[in-house]
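Residue numbers (the numbering used here): 4 to 387.
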Amino acid sequence: MLGGGPAFQNRRVRMPSPTITSAAMDFRGLAGLLSRHLYHDPDVYLRDLLQSAVDAIAARRRLEPGLSGVVSIEVVEPGELVITDNGIGLTGAELVELLANVGGDSGQYEMVRRRPVRFERDESSRHRDHVGQFGVGLLACFLVADEVTVLTRSAKDPEALRWHGLGDGTYEISPAESSLPIGTRVHLRARAGVSFGHVSRSARRYGGLLPVPVRMGSTQVNDEPPPWELPALTMDRQRENALGYARRVLDLDPLDAIPLHADGVRGVAFVLPHESSPHRDRVCLRRMLLSESAERLLPDWAVFVRCVIDADDLLPNVARDGFVEDERLAAVREQLGRCIRDHLVDLARMWPSRLAGIAALHRPALAALAANDGECRRLFDEME
4 MLGGGPAFQN RRVRMPSPTI TSAAMDFRGL AGLLSRHLYH DPDVYLRDLL
54 QSAVDAIAAR RRLEPGLSGV VSIEVVEPGE LVITDNGIGL TGAELVELLA
104 NVGGDSGQYE MVRRRPVRFE RDESSRHRDH VGQFGVGLLA CFLVADEVTV
154 LTRSAKDPEA LRWHGLGDGT YEISPAESSL PIGTRVHLRA RAGVSFGHVS
204 RSARRYGGLL PVPVRMGSTQ VNDEPPPWEL PALTMDRQRE NALGYARRVL
254 DLDPLDAIPL HADGVRGVAF VLPHESSPHR DRVCLRRMLL SESAERLLPD
304 WAVFVRCVID ADDLLPNVAR DGFVEDERLA AVREQLGRCI RDHLVDLARM
354 WPSRLAGIAA LHRPALAALA ANDGECRRLF DEME
């Protein structure tokens, strides 16, 4: 993690006695930096808090393999939101470490820019990732709130702690009630107010594929598993599962569904029921939504499909709304294109009427594929 800047190093933090700092952290200024340069959707605070909660649960499961993790979201009243997880929690030292990295003169932007992009193997790296991700989520709260309270108790330390921060930079760390269960609770008061419906939609949008139950009241918002995880004994059943998912989740009635597999990537490509359009794909990184309008994930000719994919190891860009254009993404793009191409070849051989329906609507895209593929060109020509 990055070292703290002079502004923080000159302060002294004693635990567990209450500690109040001066207004030097500039949370509101950092929120402006985030919104100008990184985040364009204010609801990303919820995404980052969900990611932090899932990471915390994963960390606690390494200590307690049988743990049943859960994240709960509660709208206490309009404008007040509480997000609770039963993850590993934070110790006093980890809170101080987090604030040191936020408090430096250059640390604020760098902390977000260099946030962890994958799970590391060794425990010390996992610890840094968990603390760093929580710091990102905490900072993102000030996109929408002027007041944030964190109650936390670590699985590694019996002392419960309370962190209370204001947008003017003032914060306080103090002991919390000893009865606080292991985990973390984030309470924020939003400036514009938040409604149950809005938060529920955002939680379902960002966390719909998360592997940990996310609940609002008695409702689990991520109860719709991705189609590639649904049981299917036959190809027809697999196809029907995917088509049903598109209708329920994407409000799309596709002509066909194409399974996608690449290195560290799973997904489905849905053949659009209307004329081809620029790529607007739904992409997730380790089950967390990055974007619903990602570009450059598929070959240029594949404009007749919209895909939903989850990647394990692709590198997210700084804003976390897509992937970095590098060798890994180029290799995945080629593999996904091959999946679509091979599916079309199979249709030409076994279900020509299905391919004919696709070609009737998407002939220019198929022609672009066939232009540099002799087998496709021959099979498509035989359909004429």
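All residues carry an ideal CB built from backbone N, CA and C; glycine is no exception. Fair warning: this is a prediction, and the values are worked out from it, not measured in the lab.
{"Check": "Helix, strand or coil at residue 355 [DSSP, three-state]", "Outcome": "helix"}
{"Check": "Buried versus exposed call for residue 229 [16 or more other C-beta atoms within 10 Å across all chains shown]", "Outcome": "buried"}
{"Check": "Beta-bridge partners of residue 205, as assigned by DSSP", "Outcome": "Per DSSP, none; premise fails for residue 205."}
{"Check": "Close Cβ partners of residue 290 (< 7 Å) along its chain, the five nearest in sequence each way excluded", "Outcome": "212, 213, 214, 313"}
{"Check": "Cutoff 6 Å; reference residue 185; Cβ partners in own chain excluding five residues on either side", "Outcome": "92, 156, 158"}
{"Check": "Bridge-paired residues (DSSP) for residue 223", "Outcome": "218"}
{"Check": "Cβ-Cβ distance between residue 317 and residue 268 below 9 Å", "Outcome": "yes"}
{"Check": "Beta-carbon proximity of residue 56 to residue 82, cut-off 9 Å", "Outcome": "no"}
{"Check": "Residues that residue 157 bridges to, as DSSP identifies them", "Outcome": "Answer is none; residue 157 lacks a bridge partner."}
{"Check": "Contact between the stretch 141 to 153 and the stretch 190 to 205 (3+ Cβ pairs under 8 Å)", "Outcome": "yes"}
{"Check": "Counted within 10 angstroms of its Cβ, other Cβ atoms place residue 205 as buried (16 or more) or exposed", "Outcome": "buried"}
{"Check": "Given residue 286 as reference, the closest of 166, 301, 275, 274 once Cα atoms are compared", "Outcome": "301"}
{"Check": "Inter-residue Cα distance where the pair is residue 203 and residue 248", "Outcome": "19 Å"}
{"Check": "Cβ pair residue 382, residue 363 closer than 9 Å", "Outcome": "no"}
{"Check": "Neighbour-count burial assignment, residue 385, 16 or more Cβ in a 10 Å radius", "Outcome": "exposed"}
{"Check": "Residue 182 (DSSP reduced to helix, strand or coil)", "Outcome": "coil"}
{"Check": "Assigned exposure category for residue 294 - 16 Cβ within 10 Å defines buried", "Outcome": "buried"}
{"Check": "Assumed close pair residue 325, residue 305 - CB separation to whole angstroms, cut-off 8 Å", "Outcome": "Not really, about 17 Å apart at Cβ, beyond 8 Å."}
{"Check": "Contacts around residue 327, its chain only, beta-carbon distance under 6 Å, and the 5 residues preceding and following it disregarded", "Outcome": "318, 320"}
{"Check": "Cβ-based burial, residue 69 [other Cβ within 10 Å; buried from 16]", "Outcome": "exposed"}
{"Check": "Unbroken alpha helix (DSSP H) run spanning residue 198, endpoints", "Outcome": "Run containing residue 198: none; DSSP gives neither H nor E here."}
{"Check": "DSSP-derived helix/strand/coil call for residue 388", "Outcome": "Here the chain comprises residues numbered 4 to 387, so residue 388 is not present and cannot be evaluated."}
{"Check": "Three-state class that DSSP yields for residue 384 in the structure shown", "Outcome": "helix"}
{"Check": "Residue 112 to residue 223 span [Cα, whole Å]", "Outcome": "Because the pLDDT at residue 112 is just 43, under 50, the model does not fix this residue reliably, and the point stays unresolved."}
{"Check": "Sub-9 Å separation of residue 276 and residue 288 beta-carbons", "Outcome": "no"}
{"Check": "Euclidean distance between Cα positions of residue 356 and residue 75", "Outcome": "48 Å"}
{"Check": "For residue 349, the three-state DSSP class (helix, strand or coil)", "Outcome": "helix"}
{"Check": "Helix, strand or coil at residue 193 according to DSSP, with G and I counted as helix", "Outcome": "strand"}
{"Check": "DSSP beta-bridge partners of residue 331", "Outcome": "Answer by DSSP bridge pairing: none, since residue 331 is not bridged."}
{"Check": "Same chain, Cβ closer than 6 Å to residue 361, neighbours up to 5 away in sequence not counted", "Outcome": "258, 274"}
{"Check": "Proximity below 9 Å, CB of residue 79 to CB of residue 198", "Outcome": "no"}
{"Check": "Whole-number beta carbon distance between residue 178 and residue 169, since they are thought to touch under 8 Å", "Outcome": "With a Cβ gap of about 20 Å, residue 169 and residue 178 do not count as contacting."}
{"Check": "Residue 176 beta carbon less than 9 Å from that of residue 261", "Outcome": "no"}
{"Check": "Reference residue 338; option with closest CA among 64, 270, 380", "Outcome": "270"}
{"Check": "Buried/exposed call for residue 374, threshold 16 Cβ in 10 Å", "Outcome": "exposed"}
{"Check": "Through-space distance from residue 146 to residue 45, alpha-carbon basis", "Outcome": "6 Å"}
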